[in-house]
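A.B. asks: Numbering (the numbering used here), first residue to last: 25 to 430.
Pasting in a structure now, in structure tokens, and then I'll have a few things to ask.
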């Protein structure tokens, strides 16, 4: 893809939409106006329907602990206080990031936002499916994954792989940033139901609308019955993997080396082990019309002592297509249990998908035409793993009887 062209007068930026999440064309204008800049060109392919992918820079700082800057220090001052070592990310062989270790990496992108625009970040879907936890940090920020209105400065990412050792090189994209003009609140009960009457937001497996799961968001329940093409209902990450995962190797690794398959339990229930990391799939198929984007809400203790979905942002067009031709796509759920074993049953409520208005309809939408990886997905591992093993159940990882049912 060609880099986005910049004008002769880069400070000029005129928005052309209302309040809400900025679409592809407005993010492109922010790049052209120099409001989003980088030490290297920003290619057109880096801009998504409602966000921009962020790229790691040339070095990573291994630090003793996760942190925010506090009120008496800059971020880089804190890094120097907690610094253990510096890792060169430009090496021919990508360097290793160890699991359970915290790294802070300056990003290639920096911002000079308009006074009425703020940012919200989250891991990319592939990052979340690898159990890699990322959080965006600004130079003077006092909260993760939030960029204040009018922010001007550099961006950093905190990276901690929870399960697998990974190899990362400069330019890799681990998280994404969306921009919001003005206030942006999720659609609540009555408004969301009005939207659902015009455009179905969640479908049953047979394509019929699932109206009873809409309130203050679309309720997401887990599918432990499985699909007709495969009897695999979940994957559990192995605690010891034979090799690191190099993130730019696509359709490369054998899933059996890294994952245990959990096959359809006879009693439609499984037990999540403490600190285990699982990939499951939603019962319903969700749809995000072009006027909206959606986000899986953070862990709610009323759902149980586990966290669902690290990478919880759904672009306009997910499960919808360009013209509503897709009747929903299942959501893959990244689940981690906490201190105690958790019993999970089929159709168990595990999360809620909240919908937000776009500032305007994006001129590019989620789907295969822009290289989106997970449109119309089944229970799919991240794109680094061989796809035929994942989606068709061929030569799949062996299941563990102890995990298969409760």
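By construction, the Cβ of each residue, glycine as well, lies at the ideal position given by its N, Cα and C atoms.
Small disclaimer: the values here were computed from a predicted structure and weren't measured.
Under DSSP, the alpha helix (DSSP H) around residue 70 begins and ends at which residues?
C.D. replies: Segment: none, residue 70 is in no alpha helix (DSSP H) and carries neither H nor E.
A.B. asks: Starting from residue 8 and walking both ways along the beta strand (DSSP E), at which residues does that stretch end?
C.D. replies: For the chain, the structure presents residues 25 to 430; residue 8 sits outside this window and is missing.
A.B. asks: What are the boundary residues of the alpha helix (DSSP H) that residue 152 is part of?
C.D. replies: 149-153 is the extent of the alpha helix (DSSP H) around residue 152.
A.B. asks: At the level of alpha carbons, what is the spacing between residue 195 and residue 273?
C.D. replies: Going by the C-alpha atoms only, they are around 14 Å apart.
A.B. asks: Does DSSP classify residue 234 as helix, strand or coil?
C.D. replies: If DSSP states are grouped into helix, strand and coil, residue 234 belongs with coil.
A.B. asks: Below 8 Å on the Cβ atoms is my guess for residue 344 versus residue 311; work out the distance and round it to an integer in Å.
C.D. replies: Their Cβ separation, rounded to whole angstroms, is 5 Å, which keeps residue 344 and residue 311 in contact under 8 Å.
A.B. asks: With residue 103 as the anchor, note down where its alpha helix (DSSP H) starts and where it stops.
C.D. replies: That run of the alpha helix (DSSP H) goes 99-106.
A.B. asks: Hey, would you say the C-beta of residue 103 is under 7 Å away from at least one heavy atom of the ligand GTP?
C.D. replies: As presented, the structure is devoid of all ligands, the ligand GTP included, so that no description of it is given.
A.B. asks: Looking at residue 206 and residue 140, is the spacing between their C-beta atoms short of 8 Å?
C.D. replies: Cβ atoms of residue 140 and residue 206: closer than 8 Å.
A.B. asks: Just to check my reading of the structure: residue 118 and residue 192 have Cβ atoms closer than 8 Å, yes? What is that Cβ distance to the nearest angstrom?
C.D. replies: Indeed, because the Cβ distance is near 6 Å, the residues count as touching under 8 Å.
A.B. asks: Tell me, please, whether the segment 107-118 touches the segment 162-178 by the rule of three or more beta-carbon pairs shorter than 8 Å.
C.D. replies: At 8 Å Cβ cutoff, the stretches do not touch.
A.B. asks: Hey, residue 157 and residue 202: beta-carbon distance below 8 Å or not?
C.D. replies: No.
A.B. asks: Between which residues of its own chain and residue 266 is the CB-CB distance below 7 Å, once the five residues before and five after are set aside?
C.D. replies: Closer than 7 Å at the Cβ level, and outside the excluded window around residue 266, lie 281.
A.B. asks: In the DSSP output, what is residue 170 paired with across the bridge?
C.D. replies: Residue 170 pairs with 144.
A.B. asks: Taking residue 230 as the reference, which of 197, 350 and 369 has the closest Cα?
C.D. replies: When only C-alpha atoms are compared, the closest one is 350.
A.B. asks: Here's a check: name, in chain order, each residue in its chain whose Cβ is nearer than 8 Å to the Cβ of residue 360, leaving out the five neighbours to either side.
C.D. replies: Result list for residue 360: 155, 186, 299, 300, 301, 302, 330 and 331, in chain order.
A.B. asks: Please state whether DSSP places residue 130 in a helix, a strand or coil.
C.D. replies: It is a strand residue.
A.B. asks: Among 131, 153 and 293, which residue has its Cα nearest to the Cα of residue 76?
C.D. replies: Nearest of 131, 153 and 293 to residue 76, Cα basis: 131.
A.B. asks: Taking the alpha-carbon positions, what's the residue 150 to residue 318 distance?
C.D. replies: Spanning the two alpha carbons is a distance of roughly 17 Å.
A.B. asks: Using the Cα positions of residue 276 and residue 410, report the straight-line distance between them to the nearest angstrom.
C.D. replies: Roughly 6 Å between the two C-alpha positions.
A.B. asks: Check whether the Cβ atoms of residue 262 and residue 297 sit closer than 8 Å, and answer yes or no.
C.D. replies: Contact: no.
A.B. asks: Look up residue 52 in the DSSP assignment and say whether it is helix, strand or coil.
C.D. replies: Residue state, collapsed to three classes: helix.
A.B. asks: So, residue 376 versus residue 241, is the Cβ gap smaller than 8 Å?
C.D. replies: Contact flag set, yes.
A.B. asks: Shortest alpha-carbon distance to residue 287 belongs to which of 313, 321 and 247?
C.D. replies: Minimum Cα distance to residue 287 is reached at 247.
A.B. asks: With 16 other CB atoms within 10 Å as the buried threshold, where does residue 353 fall?
C.D. replies: Flag for residue 353 reads buried.
A.B. asks: Shortest alpha-carbon distance to residue 228 belongs to which of 44, 89, 365 and 355?
C.D. replies: Nearest of 44, 89, 365 and 355 to residue 228, Cα basis: 355.
A.B. asks: Enumerate in chain order the residues of its own chain whose CB-to-CB distance from residue 211 is below 6 Å, with the five nearest sequence positions on each side excluded.
C.D. replies: These residues qualify, in order along the chain: 379.
A.B. asks: Spatial neighbours of residue 199 within its chain, please: CB distance less than 7 Å, with the 5 preceding and 5 following residues excluded, ordered by chain position.
C.D. replies: Excluding sequence neighbours, residue 199 sits near 78, 145, 146, 147, 148, 151, 158, 160 and 181.
A.B. asks: Please list, in chain order, all residues of the same chain as residue 271 whose beta carbon is under 7 Å from its beta carbon, the five residues on each side excluded.
C.D. replies: 190, 191, 192, 196 and 408.
A.B. asks: Please tell me whether residue 386 and residue 73 are closer than 8 Å, where the distance is taken between their beta carbons.
C.D. replies: Cβ distance < 8 Å, so residue 386 and residue 73 count as in contact.
A.B. asks: Rounded to a whole number of angstroms, what is the C-alpha to C-alpha distance between residue 84 and residue 220?
C.D. replies: Cα to Cα, residue 84 sits roughly 45 Å from residue 220.
A.B. asks: Quick check on DSSP: helix, strand or coil for residue 159?
C.D. replies: Note: residue 159 maps to strand in three-state DSSP.
A.B. asks: Taking all protein chains shown into account, decide if residue 290 is buried (16 or more other Cβ within 10 angstroms of its Cβ) or exposed.
C.D. replies: That one is exposed.
A.B. asks: Determine which residues share a DSSP beta bridge with residue 309 and list them.
C.D. replies: The partner list for residue 309 (beta bridge, DSSP) reads 227 and 354.
A.B. asks: For residue 264, count neighbouring C-beta atoms within 10 Å of its own C-beta (all shown protein chains included) and say buried if the count is 16 or more, exposed if not.
C.D. replies: Residue 264 comes out exposed.
A.B. asks: For the beta strand (DSSP E) that contains residue 179, what are its first and last residues?
C.D. replies: Per DSSP, residue 179 belongs to the beta strand (DSSP E) from 176-185.
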